[in-house]
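The structure appears right after this line, and notes come after that.
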Amino acid sequence: MTRTPASQTPPGPSEVPGTPVPDPSAPDTSTLGTRERILVSAAQVLSERGYAATRLSDIARRAGVHAPGVYHYFSSRDDLVTQVLREGQRRVRQHVTAALEASPPHTSSRDRIMIAIDAHLRIELELSEFATAVTRNLGHVPAPIRESLQADSEAYHAVWRDLLADAVADGSISPSVDVRVARMMVIGALNWAPEWWHNDEAPVGVVVATAQGIVGDGLFAPPDSRITETATT
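Take any residue in the sequence shown, note its place counting from 1, add 2, and you have its number in the numbering used here.
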């Protein structure tokens, strides 16, 4: 068999001038358009490294494009980050809302809150790198980015505001609970999970069940201390 001389061996991707080097850890984005590939790659890098350590060159490498080419789709690094976080917020809200809408018509207010906890944790821990990116980075990005995402954040808080209002209306939440504080603490705790969670230490189901237990025991009063129409008239 005749061997090709080393000098005639076709160069690999890393040897061709100007050819992006494939990243072996890159997500499979072969069926996506260029803009979508960049977004997915940015979500992954932000999820892994955080805002401060995310470099445009790393995102471009994962997406299989030249770094300057990113500017054809996004005006700046922060524009790209903003779009990733906005998409992450949209996906979290959409996933939680869909889970609530799929619940039976007469699901209790407590069970609906448990459903929301399950949906929130599962999408940010195992279903969407966009969701993980937003929960890990929203508190660390510059103020202008946070301000541009405020409407999206408010829309998600409105989902939880309604859930807690329903629980107050049917008397199932403990009368000692400040529901605004409760909403901020619950969402804050759920959003913090990606910062410490590792699947090899606790399956997602364990995290979900633990969060449900803590929130359930903290928010909901036992039957003999619930606010009822009879007790308040």
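Cβ atoms here follow ideal geometry from the backbone N, Cα and C, with glycine treated the same way.
Remember, it's a predicted structure, so these values are computed and weren't measured experimentally.
Item: The stretch 116 to 135 / the stretch 86 to 106 touching (three or more Cβ pairs under 8 Å); Value: yes
Item: Length of the line joining the Cα atoms of P196 and L140; Value: 12 Å
Item: N- and C-terminal bounds of the alpha helix (DSSP H) containing F132; Value: E131 to N139
Item: Whole alpha helix (DSSP H) elements within the stretch 170 to 233, 4-residue minimum; Value: 181 to 198 and 206 to 221
Item: For P29, three-class secondary structure by DSSP; Value: Bear in mind that the predicted position of P29 carries a pLDDT of just 47, short of 50, making it unreliable; the figure below should be weighed with that in mind. Three-state result, P29: coil.
Item: Backbone CA spacing between Q10 and A65 [nearest angstrom]; Value: Because Q10 carries a pLDDT of 41, less than 50, the predicted location of this residue cannot be relied on, and the following value inherits that uncertainty. Those two C-alpha atoms are separated by around 30 Å.
Item: Nearest-angstrom Cα separation, counted from D202 out to G220; Value: 28 Å
Item: Extent of the continuous alpha helix (DSSP H) run through E103; Value: R79 to E103
Item: Pairwise C-alpha distance: W194 and L127; Value: 11 Å
Item: Straight-line Cα distance separating S43 from T56; Value: 11 Å
Item: Local Cβ density within 10 Å of T84, reported as buried at 16 or more and exposed below that; Value: buried
Item: C-beta atoms of L87 and V136 nearer than 9 Å; Value: yes
Item: Residues of its chain near I40, where Cβ-Cβ distance is below 8 Å and the 5 sequence neighbours each way are ignored; Value: I61, A62, A65, V67, V72, Y75, F76 and L82
Item: Distance between A121 and R163 (C-alpha atoms, nearest Å); Value: 16 Å
Item: CB of S174 within 9 Å of CB of R112, strictly; Value: yes
Item: Environment of R93 [buried if 16+ CB atoms lie within 10 Å]; Value: buried
Item: C-alpha gap between E231 and E156, whole angstroms; Value: Note that E231 has pLDDT 43, beneath the 50 cutoff, so the model's placement of it is unreliable and no number is given.
Item: 8 Å contact criterion, which G190 and A133 should meet: CB distance rounded; Value: In fact, because the Cβ distance is near 16 Å, the residues do not count as touching under 8 Å.
Item: Top-ranked residue by Cα proximity to V237, from R79, M186, H200 and G52; Value: The chain is shown from 3 up to 235; residue 237 falls before or after that span and cannot be answered.
Item: Proximity of R148 and L48 at Cβ, strictly below 9 Å; Value: no
Item: For H122, the first and last residue of its enclosing alpha helix (DSSP H); Value: S111 to R124
Item: V143 in three-state terms, based on DSSP; Value: coil
Item: For P70, the three-state DSSP class (helix, strand or coil); Value: helix
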